[in-house]
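**Student:** Here it is, the structure in full.
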Amino acid sequence: MADRVLVTGSLGQIGTELVLALRKHYGTQNVIASDLHDCCPEVLGDGPYERIDVMDTAKLAETVKKYSVNKIVNLAALLSAVAEDKPALAYQVNLGGLFNILELARETGCSVFTPSSIAAFGPSTPADQTPQTTIQRPNTMYGVTKVAGEILADYYHYKFNVDTRGVRFPGLISYAALPGGGTTDYAVHIYYEALKQKAYTSYIAAGTYMDMMYMPDALDAIINLMEADPSRLNHRNAYNVTAMSFEPEMLAAEIRKHIPDFKLDYDVDPVRQAIADSWPNSLDDQAARDDWDWNPKYDLSAMTTDMLAKLKEKGI
Ligand code: NAD
Ligand code: SER
Numbered sequence: 004m005a006d007r008v009l010v011t012g013s014l015g016q017i018g019t020e021l022v023l024a025l026r027k028h029y030g031t032q033n034v035i036a037s038d039l040h041d042c043c044p045e046v047l048g049d050g051p052y053e054r055i056d057v058m059d060t061a062k063l064a065e066t067v068k069k070y071s072v073n074k075i076v077n078l079a080a081l082l083s084a085v086a087e088d089k090p091a092l093a094y095q096v097n098l099g100g101l102f103n104i105l106e107l108a109r110e111t112g113c114s115v116f117t118p119s120s121i122a123a124f125g126p127s128t129p130a131d132q133t134p135q136t137t138i139q140r141p142n143t144m145y146g147v148t149k150v151a152g153e154i155l156a157d158y159y160h161y162k163f164n165v166d167t168r169g170v171r172f173p174g175l176i177s178y179a180a181l182p183g184g185g186t187t188d189y190a191v192h193i194y195y196e197a198l199k200q201k202a203y204t205s206y207i208a209a210g211t212y213m214d215m216m217y218m219p220d221a222l223d224a225i226i227n228l229m230e231a232d233p234s235r236l237n238h239r240n241a242y243n244v245t246a247m248s249f250e251p252e253m254l255a256a257e258i259r260k261h262i263p264d265f266k267l268d269y270d271v272d273p274v275r276q277a278i279a280d281s282w283p284n285s286l287d288d289q290a291a292r293d294d295w296d297w298n299p300k301y302d303l304s305a306m307t308t309d310m311l312a313k314l315k316e317k318g319i
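Here this note's numbering = 1-based position in the sequence shown + 3.
See the structure below:
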């Protein structure tokens, strides 16, 4: 029987593109998009859509049964800056939602892919070339839910044999949907403002390095890990993955190769700066390269060329 995939939180930055990539891979009718909204936006309108709150266990179970789902990709979450503003809701959605998905997977035999984040690390983690296995004591609610989610998903694998898999994504940069309220969002907004204003005011300070990745590589990471031979997986929840590490001045210099008079200045937001300062400068993703052949295609230069071209096509 064909694989049937349910994607939660599918109208966000990743889901908007992932659903289309999964539909290419598994077949349009075999990928069920879902989110909190009543109806599906046009971009995902070619296949099934259900309104699902991940806190609603009955609706989750009904949907898995209705479509004979055997794989769940759980994207429903509050991102780092929003989670610092609404920590109780973030705890419920990010961790409670994942718990609901894992319980359903235990009952139905579904596999589960859920992304973790660089936020699963904290200020006491080695910041440079952060190892796959290291200290994880985050000091944000988002990070707490991410590290706890990794451990919970591991538990469901070894205790109940649920096929759980995940990656620790860095900041994702994309042109299709705007990011949902994270700390790394500046690295998306800067491209829009470079085209619109030839200027951007960054809320992240000069010299702040964070890992980043262009969305096409992130989509490949999800699909390749979902399809990876389980006997090769020495880690499950979650693999470090990265494509580049930069600070705002490096990004501005790359943009100036296309828009020479682009100006970058700063108005640092102390909340998001503190979050960024608690995260790694660069990840070591050798384990993902060894175990499932992770190999990103876009560096800062290739990403910048493509981002600016795609945003221009969109009329930005
Ligand atoms: P996003 O904020 O763009 O989208 C999240 C989606 O979840 C939204 O469409 C929202 O409506 C939905 N949602 C919120 N509460 C919900 C609920 N109770 N039930 C169902 N849906 C709900 O986020 P994203 O960037 O697409 O991230 C998806 C996942 O990837 C998250 O787990 C996030 O932590 C992780 N991640 C993202 C990045 C990134 O840079 N985008 C980096 C690391 C990890
Ligand atoms: N891009 C995400 C954030 O900033 C990282 O998980 O929240």
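Glycine is no exception: its CB is placed at the ideal position from the N, C-alpha and C atoms.
#1: Let me see if you follow: with CB-CB separation under 7 Å, is A202 close to chain D or not?
#2: Whether or not the stretch 39 to 56 and the stretch 136 to 154 are in contact is what I'm after, with contact meaning three or more pairs of Cβ atoms, one per stretch, closer than 8 Å; do they touch?
#3: Run the proximity test for A197: is its beta-carbon closer than 6 Å to any non-hydrogen atom belonging to ligand 2?
#4: Is the Cβ-Cβ distance between A61 and R171 less than 7 Å?
#5: Quick one: residues with CB closer than 5 Å to any heavy atom of ligand 2, in chain order, please.
#6: Return the Cβ separation of P283 and I121 in integer angstroms, given the expectation that the two are a contact with Cβ distance under 8 Å.
#7: Which residues in the same chain as G210 place their Cβ atom closer than 7 Å to its Cβ, once the five residues preceding and following it in sequence are excluded?
#8: In chain order, what residues of the same chain lie with their CB nearer than 6 Å to the CB of M291, ignoring the 5 residues before and after it?
#9: Nearest to T136 by CA position, among P263, M229, N227 and I154, is which residue?
#10: May I ask whether a heavy atom of ligand 4 can be found less than 6 Å away from the beta carbon of Q276?
#11: In three-state DSSP terms, what is N243?
#12: Report the rounded CA-to-CA distance for G184 versus P51, giving the unit in angstroms.
#13: Is the separation between the beta-carbon of Y189 and that of I207 shorter than 7 Å?
#14: Could you have a look at V271 and say whether DSSP puts it in helix, strand or coil?
#15: Would you identify the three-state DSSP class for S13, choosing helix, strand or coil?
#16: Note down, in chain order, each residue of its chain lying with its Cβ closer than 7 Å to the Cβ of A24, except the 5 sequence neighbours on either side.
#17: Using the C-alpha atoms, what's the distance from V191 back to Y178?
#18: Between V67 and T111, is the Cβ-Cβ spacing less than 7 Å?
#19: Can you tell which of N103, Y94, H238 and P263 has its C-alpha closest to the C-alpha of Y161?
#20: Hey, which unbroken runs of the beta strand (DSSP E) at 3 residues or more fall wholly within the stretch 39 to 114?
#21: Return yes when the C-beta of A241 is under 6 Å from any heavy atom of ligand 1, and no when it is not.
#22: Can you tell me which of the three DSSP states R259 falls into?
#23: Does L286 come out as helix, strand or coil in the three-state DSSP assignment?
#24: Is the beta carbon of P141 within less than 6 Å of some heavy atom of ligand 1?
**Tutor:** Let me spell this out:
#1: Note that chain D does not occur in the displayed structure, where there is just one protein chain.
#2: Because the criterion of three Cβ pairs below 8 Å is not met, the stretch 136 to 154 and the stretch 39 to 56 do not touch.
#3: No, Cβ of A197 sits at least 6 Å from all heavy atoms of ligand 2.
#4: No, they are not a contact pair.
#5: Those residues whose C-beta sits under 5 Å from the nearest heavy atom of ligand 2 are, from N- to C-terminal order along the chain, L82, S83, S120, A122, G174, G185, T186 and T187.
#6: The pair is a contact, with the Cβ atoms about 6 Å apart (cut-off 8 Å).
#7: E250.
#8: For clarity, residue 291 is Ala in the given sequence; the question names Met instead. Excluding sequence neighbours, A291 sits near Y242, V244 and W297.
#9: The option with the nearest alpha carbon to T136 is I154.
#10: What this structure holds is ligand 1 and ligand 2, not ligand 4.
#11: Residue state, collapsed to three classes: strand.
#12: G184 and P51 have their C-alpha atoms spaced approximately 27 Å apart.
#13: With a cutoff of 7 Å on beta-carbon distance, Y189 and I207 are scored as near each other.
#14: V271: coil per DSSP, three-state reduction.
#15: If DSSP states are grouped into helix, strand and coil, S13 belongs with coil.
#16: The beta carbon of A24 sits closer than 7 Å to those of L222 and I226, all from its chain and outside the five residues before and after it, given in chain order.
#17: One C-alpha to the other measures close to 8 Å.
#18: The Cβ-Cβ distance between V67 and T111 falls below 7 Å.
#19: Nearest option by C-alpha distance: H238.
#20: If we require 3 residues or more, the beta strand (DSSP E) runs fully inside the stretch 39 to 114 come out as 52 to 54 and 74 to 77.
#21: The answer is no for A241.
#22: R259 sits in a helix when the DSSP states are folded into three classes.
#23: Strand, per DSSP.
#24: Here the distance from the Cβ of P141 to the nearest heavy atom of ligand 1 is not below 6 Å.
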